[in-house]
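Reviewing the structure listed below.
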Amino acid sequence: MKILLASSEVFPFSKTGGLADMVGALARALANAGHEARVITPLYRGIREKFPALRKVDWYFNLPLGRQYVPAELWELDVARGLKIYFIDQPGYFDRAGIYQENNFSYADNAERYIFFSKCVVHLARYLAWRADVIHVHDWQVALVPALVMQQKSEGWGNPPPTCLTIHNLAYQGVFSGSAFELTNLPKYFFNTEGAEFFGFLNCLKAGIAFADFITTVSPRYAREITTEEFGCGLDGMLRRRQKDMTGILNGVDYSEWNTTKNAYLSKPYSAGRMAGKKINKLELQRQFALPVDETIPLFGTISRLADQKGVDIQLGALAEMLNTKMQFVLLGSGSPEYERGYRDLARHFPGKVAVRFGYDETLAHQIEAGCDFFLMPSRFEPCGLNQMYSLRYGTIPIVRATGGLDDSVVDWTQNPRLATGIKFTEYTSRALAKAIRKALVLHSQPKLLNACRKNAMKADFSWEKTVHEYLAVYMKYKSERTKY
Ligand code: ADP
Ligand code: GLC
Numbered sequence: 057m058k059i060l061l062a063s064s065e066v067f068p069f070s071k072t073g074g075l076a077d078m079v080g081a082l083a084r085a086l087a088n089a090g091h092e093a094r095v096i097t098p099l100y101r102g103i104r105e106k107f108p109a110l111r112k113v114d115w116y117f118n119l120p121l122g123r124q125y126v127p128a129e130l131w132e133l134d135v136a137r138g139l140k141i142y143f144i145d146q147p148g149y150f151d152r153a154g155i156y157q158e159n160n161f162s163y164a165d166n167a168e169r170y171i172f173f174s175k176c177v178v179h180l181a182r183y184l185a186w187r188a189d190v191i192h193v194h195d196w197q198v199a200l201v202p203a204l205v206m207q208q209k210s211e212g213w214g215n216p217p218p219t220c221l222t223i224h225n226l227a228y229q230g231v232f233s234g235s236a237f238e239l240t241n242l243p244k245y246f247f248n249t250e251g252a253e254f255f256g257f258l259n260c261l262k263a264g265i266a267f268a269d270f271i272t273t274v275s276p277r278y279a280r281e282i283t284t285e286e287f288g289c290g291l292d293g294m295l296r297r298r299q300k301d302m303t304g305i306l307n308g309v310d311y312s313e314w315n316t317t318k319n320a321y322l323s324k325p326y327s328a329g330r331m332a333g334k335k336i337n338k339l340e341l342q343r344q345f346a347l348p349v350d351e352t353i354p355l356f357g358t359i360s361r362l363a364d365q366k367g368v369d370i371q372l373g374a375l376a377e378m379l380n381t382k383m384q385f386v387l388l389g390s391g392s393p394e395y396e397r398g399y400r401d402l403a404r405h406f407p408g409k410v411a412v413r414f415g416y417d418e419t420l421a422h423q424i425e426a427g428c429d430f431f432l433m434p435s436r437f438e439p440c441g442l443n444q445m446y447s448l449r450y451g452t453i454p455i456v457r458a459t460g461g462l463d464d465s466v467v468d469w470t471q472n473p474r475l476a477t478g479i480k481f482t483e484y485t486s487r488a489l490a491k492a493i494r495k496a497l498v499l500h501s502q503p504k505l506l507n508a509c510r511k512n513a514m515k516a517d518f519s520w521e522k523t524v525h526e527y528l529a530v531y532m533k534y535k536s537e538r539t540k541y
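Counting the sequence shown from 1 gives a position; our numbering is that position plus 56.
Right, here's the structure in full:
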């Protein structure tokens, strides 16, 4: 099949979170399975310098955006057999210090930037000599693509391919003032309560839910959750109406990136059969964070965007309660200044036990995954979550709240000690998390049990080779339905 993917971030070119990992890995997995994947993404600052093999394509376009026309150029990179990336070059929009924001302030023209990007996606889909069988868009930034495709169909695009929207996080919907709808140049009838309108505002994700041929989200449990009022972020009614065209597919892991045997970021390789290297990584991590270097102290870690979703409030509470015991905690995160302050205060209260780093650091992320004994991920909600799956492969026992993809990917120690890969808790409270941490300390004090759990974790297989067929099955289904007409 020929699959055209579009995303505002794609690893290794740009990344703020799991969206980038997922799209980069899915595209590679499709190509590895013998299909053709092409990905469209913005040309952000620094990409050309970091990837000098990018080639300029002899194709300029000038697309309407409300009352103005905006020009763009195109670059491409052949990554592997069957995998090509297109970069939309519009320096005014994308040659900036951040992707979505700077200094914790979203760019004021994000509607304009990503409506324009969505238009570029549709333009390429329509006019590339390479004709896609399916257009697969990810999150609100490109969720207007299905509506734009429908519009182009009514303007003479004979038989456009079906569109698939993947919702990575329903909490981010791309909501802008109603006047931003003009930028889409869509007819007014797209802007109503069954379409792009949300209480008078433009809601990009809602438009995607309304007009995509089919919708996927990134875990089966999250697919169920978002049809409820509790997790629906105001769109549960709409999602229930589209339920027959919606499915949850658990994300995979790109084990060529996230592994412990061939990984230049790690001090020492290790595997389920040869665990000695994990200890070296732990000691090195303690050294790096200037914590007492001692193999016997249970070491907990978190790598996270510091956002409401991630359960920072209960984590701070639980750690404050637990840190009087023999344990250490390291954090790598960035996001809300208030949460950063919370962790900084925690480190001040527990010197020699807590160490924190703020900012984005890919290398350190691997080192924390490898060096820790336990990984804390107490999310309030979690569409899929990748770090718990990375932790499993690194033999770092995840402690997760049983929600979304966290619930789908971890087997709890108390529920099934023989097959356990981690520790789960349910209630969204500091007390429940503290209890889970206490369980972890018990597990840590029993090396036999800990090793058995680690072995199970490291053997768990979330490779894309297994998952990619689920996407292919839905692509096929909608493609053949389309060709029936
Ligand atoms: P989300 O996409 O909601 O942030 P995921 O668990 O799906 O959560 O993915 C997060 C991804 O971002 C992981 O690859 C994680 O390692 C990475 N990440 C998050 N924060 C940082 C950071 N401060 N530095 C480096 N990597 C980070
Ligand atoms: C979103 C979600 C996260 C998911 C990621 C990739 O950022 O918050 O749970 O793993 O997308 O799908």
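Using N, Cα and C, we set each Cβ at its ideal position, and we do this for glycine too.
Since we're looking at a predicted model, the values are computed, not measured.
- For R361, the Cβ falls inside the 8 Å cut-off from some heavy atom of ligand 1.
- In the three-state reduction of the DSSP assignment, I305 falls in the coil class.
- Residue list for ligand 2: G73, G74, L75, D77, M78, H224, N225, V274, N307, Q365, E438, P439, C440, G441, L442, G460 and G461 (CB closer than 7 Å to any heavy atom, chain order).
- Apart from the 5 residues on each side of it in sequence, P68 sits with its Cβ closer than 7 Å to the Cβ of G80 in its chain, given in chain order.
- Ligand 1 has no heavy atom closer than 8 Å to the beta-carbon of G427.
- F232 is bridged by DSSP to L258.
- Between Q197 and Y163 the beta-carbon gap is near 12 Å, outside 8 Å, which marks them as no contact.
- Under the criterion of beta carbons closer than 8 Å, Y416 and S390 qualify as touching, at roughly 6 Å.
- Between L291 and the set Y534, N241 and Q229, the nearest pair of CA atoms involves Q229.
- Taking non-hydrogen atoms of ligand 1 into account, the C-beta of Y450 is found less than 8 Å away from none of them.
- Counting C-beta pairs closer than 8 Å gives three or more between the stretch 420-432 and the stretch 343-361, which meets the contact rule.
- Around the Cβ of A529, a 10 Å sphere holds fewer than 16 other Cβ atoms; the residue is exposed.
- About 11 Å separates the beta carbon of V467 from that of A458, a gap too long to meet the 8 Å contact definition.
- Burial check for W520: the Cβ neighbour count within 10 Å reaches 16 or more, so the residue is buried.
- For G304, the closest C-alpha among the options T317, Y100, L258 and E281 is that of E281.
- A268 places its beta carbon less than 9 Å from that of T219.
- Proximity to F107 across A87, D134, G90 and V126 peaks at D134, based on C-alpha coordinates.
- Assignment of L221 by DSSP, reduced to helix, strand and coil, places it in the strand class.
- Following the DSSP letters along the chain, one finds D292 in no beta strand (DSSP E) but inside the alpha helix (DSSP H) bounded by residues D292 to R297.
- Taking all protein chains in view, the Cβ of Y183 is surrounded by fewer than 16 other Cβ atoms within 10 Å, so the residue is classified as exposed.
- Within the stretch 410-468, the complete alpha helix (DSSP H) runs of at least 4 residues fall at 418-427, 443-449 and 460-465.
- Excluding residues up to 5 positions away in sequence, G451, R510, K511, M514 and K515 lie with their Cβ nearer than 8 Å to the Cβ of A328 in the same chain.
- Per DSSP, the continuous alpha helix (DSSP H) segment holding V368 begins and ends at V368 to M378.
- Separation of the CB atoms of G234 and G256 is rounded to 5 Å, and the pair is thereby assigned contact status at 8 Å.
- Around the beta carbon of D464, 16 or more other beta carbons sit within 10 angstroms, so the residue counts as buried.
- Judged by the Cβ position, Y416 qualifies as a neighbour of ligand 1 at the 8 Å threshold, a heavy atom of the ligand being closer than this.
- Inter-residue distance for E425 and A279 is about 28 Å (C-alpha atoms, whole angstroms).
- Of the heavy atoms belonging to ligand 1, none sits nearer than 8 Å to the Cβ of K262.
- Taking a cut-off of 8 Å on C-beta distances, the stretch 403-410 does not touch the stretch 333-343, as fewer than three cross pairs fall below it.
- The beta-carbon distance between L489 and A374, rounded to whole angstroms, is 4 Å. This is short enough to meet the 8 Å contact definition.
- Distance from the CA atom of Q157 to the CA atom of R343, rounded to whole angstroms, is 33 Å.
- Here Q444 is buried: its Cβ has 16 or more other Cβ atoms, across all protein chains shown, within 10 Å.
- With a 10 Å radius around the Cβ and a threshold of 16 neighbouring Cβ atoms, A136 comes out exposed.
- Residues of the same chain with a CB within less than 7 Å of the CB of R298, apart from the 5 flanking positions on each side, are I265 and I271 in chain order.
- Secondary structure of T240 (DSSP, three-state): helix.
- Linking F518 to P98 through their CA atoms gives a straight-line distance of about 29 Å.
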